[in-house]
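Under the working numbering, the first residue of the sequence shown is numbered 127, with each subsequent residue one higher.
Single-structure report; data block below.
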Amino acid sequence: MTGWRMILLGSELLEKATFKRLFLQMLSAQSFNLAGIMAGTMIATLSPYTATNPWILLLLPPLLTVRGNIGGILSGRLSTSLYVGLVKPTFRNNTRYFYATIASTLVMNFIFSVVIGVFSSLINVAQGSGLSLTDSLSLSILTMMTCATITTLLFTPSLAFSSYRRGLNPDTILYPFTSTINDILISAIYTLLVLAKLFWSGLFTALTLILAPIFAGATMFLTLRYRREEAFRETFREGFPTAILLTFLSQITGSFLSQLEDQISAYPQLLAVYPLLIDGTGDIGVVISSATAARLALGYIEPRMSSIKGKEGRKVVLSSLIAGFTLTLSATLAVSSVYTPTLLQVARTFLTVACAEFLTAAPIVVASFALTIIMFRRGINPDNVTIPMITSFVDLFLTMSLFIASQVLIF
């Protein structure tokens with residue numbers, strides 16, 4: 127498929143993107159976030175060990191946040207690139223831009239898994255935790271790179287290509303699905319590795335000695351092969367500085383989550399729905415950003431804040447908000463009913479989550495639209511900067527809002 131035909135197809139998809147169509151696609155994509163409850167349930171199995179091993183909760187948010195950041199960059203770049211013809215909807219005989227983008231995503235995952243491991247180890251030392259630097263690096267590298275290998279090489283491109291070929295908007299489909307898959311995989315892999323470290327140290331050591339060198343070698347190979355490609359360099363030039371800054375924010379998020387230990391002990395459903403909350407709220411911002419970036423690239427909206435009041439802006443914002451809130455709050459109510467039989471506890475949990483959602487969503491919507499426009503005006507690919515900023519701020523704001531709301535409504 128030639129570039130100009132792909133651009134025409136992208137324009138045709140946007141012309142068909144009515145509010146109803148966007149809402150139904152967003153609702154369908156957001157409904158997959160319900161699988162995020164699986165991630166929360168898996169994490170909740172570690173709750174009996176968090177008192178004696180506080181590093182468990184401290185290390186988890188950075189892994190979820192940074193992996194989501196890098197996955198969001200890939201999702202946004204694939205969505206926009208399909209519209210403008212830089213990427214073909216096929217694995218075979220694709221463009222150099224596509225392969226360089228995949229390579230840069232894998233390399234970024236490895237680099238930041240090391241950064242997370244080092245930062246978390248320093249915080250653990252300051253807090254008097256018993257987690258060593260070696261174990262912190264092992265948990266971080268093995269968790270992130272195993273997840274990245276599965277999603278970057280297989281799941282994310284496959285979903286982007288299939289949705290595009292079927293006339294669906296990758297902006298509303300791709301990130302909600304991939305973010306949930308990332309959270310489930312991160313939670314499952316991390317839980318298994320933590321249990322292996324606690325109870326089967328020999329297995330944990332063997333996995334580290336086998337997989338860590340493989341991931342390091344693959345990173346070096348991809349860097350040497352694609353380092354001169356503009357798509358590869360663009361990812362690091364525009365996305366790397368932002369990701370470094372937001373890694374610090376994710377460590378702050380981990381600190382706030384660790385402060386919720388008492389609330390989680392009394393209301394374990396809060397931990398069970400936590401991945402769902404950050405997924406659902408993050409999806410709202412990311413979809414707005416990705417959809418805005420595509421419309422800016424094709425000239426459907428002007429790069430100014432007043433565009434949010436226009437027809438295209440209203441369609442994107444309202445469909446994302448309504449779909450996101452509907453699924454997230456409904457799921458919270460259902461999960462709370464399973465975890466506790468008392469109506470008072472169900473009501474407290476629902477109100478706590480609802481308050482946290484509303485406190486977070488409004489600034490995220492404005493920030494998503496504004497950041498995308500600012501990056502576009504400066505000639506910076508919004509997919510490299512805006513999406514990771516949105517997901518990181520969502521995780522931090524939502525965790526802080528959850529902490530504040532729980533202090534008022536639960537304790």
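Each residue gets a CB set at the ideal place from its N, CA and C atoms; glycine is no exception.
| Item | Value |
| --- | --- |
| Closest to Ser532 by C-alpha separation, out of Ser518, Leu477, Arg353, Pro514, would be which residue? | Leu477 |
| What ranges does the alpha helix (DSSP H) occupy inside the region 330 to 409, keeping only unbroken runs of at least 4 residues that lie completely in it? | 356 to 360, 366 to 384, 387 to 392 |
| Please state the DSSP three-state secondary structure of Leu172. | coil |
| In the structure shown, what three-state DSSP assignment does Thr216 receive? | coil |
| For the region 174 to 191 against the region 238 to 247, do three or more pairs of beta-carbon atoms, one drawn from each stretch, fall closer than 8 Å, so that the two count as touching? | yes |
| Is the beta carbon of Ile410 closer than 8 Å to that of Ile499? | no |
| For Gly293, which three-state DSSP category applies? | coil |
| Indicate the three-state DSSP secondary structure (helix, strand or coil) for Leu135 in the structure shown. | Note that Leu135 has pLDDT 40, beneath the 50 cutoff, so the model's placement of it is unreliable and the number below is only indicative. Residue state, collapsed to three classes: helix. |
| So, does the CB of Ser201 fall closer than 8 Å to a CB anywhere in chain B? | Structure shown: chain B not included; a single protein chain is present. |
| Do you know offhand how far Ala252's Cα is from Ala449's? | 42 Å |
| Using only alpha-carbon positions, find the residue among Ser456, Leu279, Thr275 that is nearest to Ile315. | Thr275 |
| Within the same chain, show all residues whose beta-carbon is closer than 7 Å to that of Cys273, passing over the 5 residues directly before and after it, in chain order. | Arg193, Asn308, Leu311, Ile312, Ile315 |
| With H, G and I counted as helix, E and B as strand and the rest as coil, what does DSSP make of Ser258? | coil |
| Starting from Leu248, trace the alpha helix (DSSP H) both ways and give me its first and last residue. | 222 to 252 |
| Do you know offhand how far Thr206's Cα is from Leu485's? | 30 Å |
| Would you kindly report the start and end of the unbroken alpha helix (DSSP H) that includes Phe476? | 469 to 503 |
| Judging by CA-CA distance, which residue of Thr306, Val320, Ala344, Leu447 is the nearest neighbour of Thr171? | Val320 |
| Where does Gly411 fall in DSSP's three states? | helix |
| Counting C-beta neighbours from all protein chains within 10 Å, is the total for Pro514 16 or more, i.e. buried, or is it exposed? | buried |
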